[in-house]
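This report concerns only the one structure given below.
Protein chains in written order, with the numbering used here: chain B, 4 to 176; chain L, 675 to 1327.
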């Protein structure tokens, strides 16, 4: 075998490896990218029951009902971004610091009935903490301008009105 | 006083590291023997300075000196002594200091054990290590100083994150960091050789033990982290494809590739340029992994603190270290003439396949981990990439890797034929097939059966080389046993490491058959899961040193016979106003009975119950892999000093 031929084989082998990795990654991206949405996004457009989503926002005050179904615990609550609220069901152990008014992210799918079935619920361990995605999205919606100061107390979030374009948001209303 | 001493020692370490970076490199370039000879002393000096600084921080934590901001923020007077010590590295500032300390240890170790290296090369290696040290100690000193004082000192500290108050996590960072930072040595060798413009077989021989050591630590560190996630987070899983986990997996994948390509450099003087690039890439991934995640640039549950100034300093430092190495590589790589031809079917060929597959896996993991960040930067979209993506990409790539893994060591160097190698493995293939068929029949789960077959193939295939070497069943058994003593430890080591991968794979396959349920129970009620009857006997409170625990007593019975009593609990830490689930796990090595306690409401508690078959094998396998690395490292031929004398006699310099 000549040197050139040999080099060709190796290039082919590398191409095969890199190519199959790229093909796998692309096809996996198509099916498995998980988009972060806010309740108002879901109100605007139903993504279909097969699509896994991360729904972020605040647990609406007074919405948490911890019940059980066939001996399995089932929590119901609403996640709100101040404009719309989405009912969520979750069968599992809620995070230790899950509470009303807290910023949370729920991973799951939106059923045809408009109820979000969460497979996972994440909350961070700090009262002033807000999940990065939630903070980011609320900034984009004009609900919080970081330049105007720290985020307002979590308990007031679901009563906030979206800010007018350009105007800094006053904390706590 | 002690914190000021630590602060001063830290500043001294920057100065010594800077000297260590400049003087030996300059000396080696000019051929100045005195400057070259200064390298080891500077490396040891830097280590002493950093060890003093680290010792001062540990001391401040142990005596609870609440005039030190770092201690106030992360400790409390009532914390057990063990966690006062380990809490030193349980926060951003302390962990960076530990990172620098381990890098200094690497420099000193090269100074100590590298006596048989050519002195100019050793000076350059130490110089490169010193340059990276200087940058990171400067970062510790300016942006994350652990010795900042507060006035007036508060009465008590704010306490440590209770999740970290755990023996598994206490020792996880030092071991993991030893792995991460250990790859600095192959990196330094790569850069030093690029400066010299010469790489030959001895480069592979020098680099391999260091890579092996770092790899063994990284394997152990990853396993410990995964074990911690399993028993502490209470989710019942062992790997979540979290950015922090991926950050440790990436250098492991490329480090494993480097481990194998360095063999080719040593034996055949081929793949030289590629190995140098891998050495640079592995350390770059270690660096970006630690710092991007720890600084909160990647979104992760493990991130300590987010501070923009820190982020920019770190990004600049990473760009400087990685960029310099890559520019040097681009300039010098063409000088390194490739040599050592080999046929596609050969030991080298199998190792190249190993490298291609491992690097492809690293590429997809890297893509999946960083894509959300770039998508956010470019399009503003908020996307996350979860476990399904990684499972769909990494698993298919691992199948050919595992197939070749048993075959490779049986191929001859340079040119080989497939048929004889397959003939040596037919029994392993047959056994794997039998295991697979039994598993399909018994479990009815095709994917798990495939994984079990793969595990059997790896474990049996791993020992095929030894079986071959002792000519088992072809010479009398007594002769075979006698020959066993002559098998080099490096062969035992690689067999053990390959077998360890098989054990881990069996564990993962077992875990895919795990069953779990989440139930709300009153005391006295019971539920059936996985052939066991789980009864909640009672609930009670138990005090701890700095927490109070609510404990559930769960009695597990099988066919009316008591198997075990589990006591999952929830710990409330008053100071941190935090609650942590403390799982209770009982294992018999074949299955884990796993319980975690959730909320309590109206006299009923939420319990998460798992039956996890073969779960301990996951970490046991990793331990076997690390042990294989250590065994291989103890082989005389791999020791840096031993072969150098021999090589000097036969190979003209």
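Even glycine gets a Cβ: it sits at the ideal position worked out from N, Cα and C.
Every value quoted in this text rests on a predicted model; they were computed, and no experiment measured them.
- For residue 681 (chain L), the enclosing alpha helix (DSSP H) begins and ends at 676-704.
- Taking C-alpha positions only, residue 823 (chain L) is separated from residue 787 (chain L) by approximately 39 angstroms.
- For residue 901 (chain L), no beta strand (DSSP E) segment is defined; the enclosing uninterrupted segment is the alpha helix (DSSP H) at 875-906.
- Boundaries of the beta strand (DSSP E) harbouring residue 1190 (chain L): 1189-1195, taken from the DSSP string.
- Fully contained in the segment 728-806 of chain L are the following alpha helix (DSSP H) runs of length 4 or more, in chain order: 743-748, 755-760, 766-787.
- Excluding sequence positions up to five before and after residue 1258 (chain L), its CB lies within less than 7 angstroms of the CB of 1240, 1241, 1242, 1269, all in the same chain and listed in chain order.
- Within the segment 87-102 of chain B, those residues whose Cβ lies closer than 7 angstroms to any Cβ of chain L are, in chain order, 94, 95, 96, 97, 99.
- For residue 966 (chain L), the secondary structure class from DSSP, reduced to helix, strand or coil, is helix.
- Residue 1057 (chain L) is bridged by DSSP to B:38.
- Nearest in C-alpha terms to residue 1274 (chain L), of all of L:1232, L:1177, L:1212, is L:1212.
- For residue 24 (chain B), a Cβ of chain L is located within less than 7 angstroms of the residue's own Cβ.
- Separation of the CB atoms of residue 782 (chain L) and residue 721 (chain L) is rounded to 4 angstroms, and the pair is thereby assigned contact status at 8 angstroms.
- Interface annotation, residue 71 (chain B): in contact with chain L, CB-CB separation under 7 angstroms.
- Judged by DSSP in its simplified three-state form, residue 1209 (chain L) adopts strand.
- The beta-carbon of residue 1062 (chain L) is placed less than 7 angstroms from the nearest beta-carbon of chain B.
- Using a Cβ-Cβ cut-off of 7 angstroms, residue 1031 (chain L) is close to 20 of chain B, given in chain order.
- It is roughly 8 angstroms from the alpha-carbon of residue 925 (chain L) to the alpha-carbon of residue 955 (chain L).
- Distance check between residue 28 (chain B) and each of L:1290, L:1159, L:1233, L:1039 places L:1039 closest, using alpha-carbon atoms only.
- When DSSP assignments are scanned along the segment 901-942 of chain L, the uninterrupted stretches of alpha helix (DSSP H) that are 4 or more residues long and fall wholly within it turn out to be 917-942.
- Short of 7 angstroms from the beta carbon of residue 745 (chain L), and not among the five residues preceding or following it, lie these beta carbons of its own chain, in chain order: 734, 735, 738, 739, 831.
- In terms of CA proximity to residue 69 (chain B), L:1279 leads the group L:1308, L:1279, L:989, L:1299.
- Bounds of any alpha helix (DSSP H) do not take in residue 109 (chain B); it lies within the beta strand (DSSP E) bounded by 106-113.
- Listed along chain L are 1191, 1192, 1193, 1194, each with a C-beta nearer than 8 angstroms to that of residue 75 (chain B).
- Counting along the chain, residue 868 (chain L) sits inside the alpha helix (DSSP H) bounded by residues 858-870.
- Annotation for residue 93 (chain B): 78, 121, 124 place their beta carbon closer than 6 angstroms to its own, counting only its chain and skipping 5 residues before and after.
- Burial check for residue 35 (chain B): the Cβ neighbour count within 10 Å reaches 16 or more, so the residue is buried.
- Inter-residue distance for residue 1051 (chain L) and residue 1286 (chain L) is about 40 angstroms (C-alpha atoms, whole angstroms).
- Taking C-alpha positions only, residue 1221 (chain L) is separated from residue 1003 (chain L) by approximately 54 angstroms.
- In terms of CA proximity to residue 1000 (chain L), L:862 leads the group L:862, L:1082, L:877.
- Taking a C-beta distance under 7 angstroms as the contact criterion, residue 904 (chain L) and residue 912 (chain L) qualify as a contact pair.
- In the three-state reduction of the DSSP assignment, residue 1285 (chain L) falls in the strand class, which pools E and B.
- One thing to note: residue 748 (chain L) has its Cβ no nearer than 7 angstroms to the Cβ of residue 729 (chain L).
- For residue 1114 (chain L), the uninterrupted alpha helix (DSSP H) run begins and ends at 1092-1117, by DSSP.
- When CB distances to chain B are screened at a threshold of 7 angstroms, the residues of the segment 1058-1091 of chain L falling below it are 1058, 1059, 1060, 1062, 1063, 1066, 1067, 1070, 1071, in chain order.
- In the pairwise beta carbon analysis, the segment 57-67 of chain B is classified as touching the segment 79-87 of chain B: at least three pairs are separated by under 8 angstroms.
- Remark: three or more beta-carbon pairs, one from each stretch, lie closer than 8 angstroms, so the segment 852-860 of chain L and the segment 881-895 of chain L are flagged as touching.
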